[in-house]
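So the mapping is simple: our numbering equals the position in the sequence shown, first residue as 1, plus 243. Glycine included, each C-beta is placed from N, C-alpha and C at the ideal position. Owing to the predicted nature of the structure, the values given are computational and were not obtained by experimental measurement.
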Amino acid sequence: MQNTLPKMPGTGEARARVEVKSVSKSFSTKEGTTQALRMIDLVARDQEFTCIVGPSGCGKSTLFNIIAGLLEPTSGRVLVDGVPVEAGIAGRMGYMQQKDLLIPWRTIVQNVTVGLEIQRRPIAEARETALSYLKLFGLEKYRDSYPASLSGGMRQRVALMRTLAMGQDIILMDEPFQSLDYPTRIALEADLLEMVRELKRTVLFITHDIEEAVSIADKVYVLSKGPGTVRDLRTIRLNMKRESPIDARKNPDFHMHYAAIWNQLEVVTDLKKEHAK
Ligand SMILES: Nc1ncnc2c1ncn2[C@@H]1O[C@H](COP(=O)(O)OP(=O)(O)O)[C@@H](O)[C@H]1O
Ligand SMILES: [Mg+2]
């Protein structure tokens, strides 16, 4: 079947947007030094969907903070469109953090305009942009509601809108759907894929959930437990057209990818060790 994307993501044809080169990171605290990341190399190409999986505490969020320029690596560097990212230059990328909560006293449209206000856009323009995003994804009727009156899934959709409305074409998403129940999660995955397709965004996405990674990603980086290193890079491409995450789960290759990633995560060996104690 013909691929509809302009260039095949992950094939080496599309240009590199984000390049992480030999990045290591240690934190010094009064308890001592923790090494969070060791010699990470990663590339995300234009319009590619890259997932990062790895056990809790392996440095995934730290890696995103470094990519976003919020944190400086101890060694190594990050290039965005070939230009080194300097710490302190946040805002070149959209970033949906692990706990990206809505502001309870702001309406839905005002929650979406927050990021645009931070970008110092005129308020009328920010509102217009926010409304166009809400309309595009069928949330317009909630524009004057408050977050408390919406379901968890709806609130997460609004948080997604807020990130996308800021307009950056590279988006970092740190476990955005982890608190949602399964059907809501699938619905949000489908929404995200549609947005990424329509808006031609390049996405880096952290998840715990191997099924989620395999059903939405073009490729998956598997990190080892802390200090995080790249244990495996797996090309998936079950969903290059950014269609239903359910259809991808029905693909005959789905389980092969799932098992391969599962075997790379050190969950089973850890459980055995627990039992042996
Ligand atoms: N600001 C910090 N100061 C000290 N240690 C930190 C800091 N941020 C993260 N860490 C440590 O770095 C490791 C990786 O954390 P994190 O990136 O949050 O992992 P993950 O997102 O994969 O769960 C953990 O051991 C964590 O305790
Ligand atoms: Mg994290």
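| message | Less than 8 Å separating the Cβ of Glu-418 from some heavy atom of ligand 2? | response | Taking the first residue of the sequence shown as 1, we reach residue 418 at position 175. Yes, the Cβ of Glu-418 comes within 8 Å of a heavy atom of ligand 2.
| said: Please tell me whether, using a cut-off of 8 Å, the distance from the CB of Ser-299 to the nearest non-hydrogen atom of ligand 2 is below it. | reply: The count along the sequence shown starts at 1 and reaches residue 299 at position 56. Ligand 2 has a heavy atom closer than 8 Å to the beta-carbon of Ser-299.
| task | Give a single yes or no on whether Ile-449 has its beta carbon closer than 8 Å to a heavy atom of ligand 1. | result | Counting from one through the sequence shown, the residue named residue 449 turns up at place 206. Because some heavy atom of ligand 1 lies under 8 Å away, the Cβ of Ile-449 counts as near it: yes.
| query | Considering only C-alpha positions, which residue in the set Arg-258, Lys-273, Ala-279, Ser-269 is nearest to Leu-466? | reply | Working through the sequence shown from its first residue, we reach residue 466 at position 223. When only C-alpha atoms are compared, the closest one is Ala-279.
| query | Span of the beta strand (DSSP E) holding Ile-414? | reply | For this step, residue 414 is matched to residue 171 along the sequence shown. Where Ile-414 is concerned, the enclosing beta strand (DSSP E) starts and stops at 413 to 417.
| Classification of Gly-275 by the beta-carbon crowding that lies within 10 angstroms, buried from 16 upward | Within the sequence shown, residue 275 is the residue found at index 32, counting from 1. It is exposed - the Cβ of Gly-275 has fewer than 16 other Cβ atoms within 10 Å.
| message | Which complete beta strand (DSSP E) runs does the region 278 to 362 hold, if anything under 3 residues is left out? | response | Entirely contained in the region 278 to 362, the beta strand (DSSP E) runs reaching 3 residues are, in chain order, 292 to 296, 318 to 323, 337 to 339.
| message | Output needed for Ala-391: all residues of its chain with C-beta closer than 7 Å, excluding positions within five of it in sequence on either side, in chain order. | response | For this step, residue 391 is matched to residue 148 along the sequence shown. Cβ neighbours of Ala-391 within its own chain (closer than 7 Å, five residues either side excluded): Pro-347.
| Near ligand 1: Ser-551 beta-carbon under 8 Å from a heavy atom | The question about residue 551 has no answer, for the chain in this structure spans 244 to 520.
| query | Nearest-angstrom Cα distance between Lys-378 and Ile-309? | reply | Position 135 of the sequence shown holds residue 378. Position 66 of the sequence shown holds residue 309. For Lys-378 and Ile-309, the distance between alpha carbons rounds to 33 Å.
| said: With a threshold of 6 Å on Cβ separation, who are the neighbours of His-500 within its own chain once the five nearest residues in sequence on each side are excluded? | reply: For the purposes of this step, residue 500 is identified with residue 257 of the sequence shown, where counting begins at 1. Cβ neighbours of His-500 beyond the five flanking positions: Val-457, Ile-479.
| message | Can you tell me whether Pro-470 is buried or exposed? The criterion is at least 16 other CB atoms within 10 Å of its CB, across all chains shown. | response | By one-based count along the sequence shown, residue 470 stands at place 227. Buried, because 16 or more other Cβ atoms sit within 10 Å of the Cβ of Pro-470.
| field | Where Leu-248 falls: helix, strand or coil (DSSP) | value | Position 5 of the sequence shown holds residue 248. With a pLDDT of 45 at Leu-248, under the threshold of 50, the predicted position of this residue should be treated as unreliable, though the coordinate-derived value follows. Note: Leu-248 maps to coil in three-state DSSP.
| Which word fits Tyr-425, buried or exposed, when buried means at least 16 other C-beta atoms lie within 10 angstroms of its C-beta? | By 1-based counting over the sequence shown, the position of residue 425 is 182. By the neighbour-count rule (16 or more Cβ atoms within 10 Å), Tyr-425 is not buried but exposed.
| request: Determine the direct distance from the alpha carbon of Met-409 to that of Thr-372, and round the result to whole angstroms. | output: On the sequence shown, position 129 is the one that residue 372 refers to. On the sequence shown, position 166 is the one that residue 409 refers to. Rounded to whole angstroms, Thr-372 to Met-409 spans 9 Å at the Cα level.
| request: Please report how far the alpha carbon of Arg-440 lies from the alpha carbon of Ile-489, in whole angstroms. | output: By one-based count along the sequence shown, residue 440 stands at place 197. By one-based count along the sequence shown, residue 489 stands at place 246. Between the alpha carbons of Arg-440 and Ile-489 lies a distance of about 17 Å.
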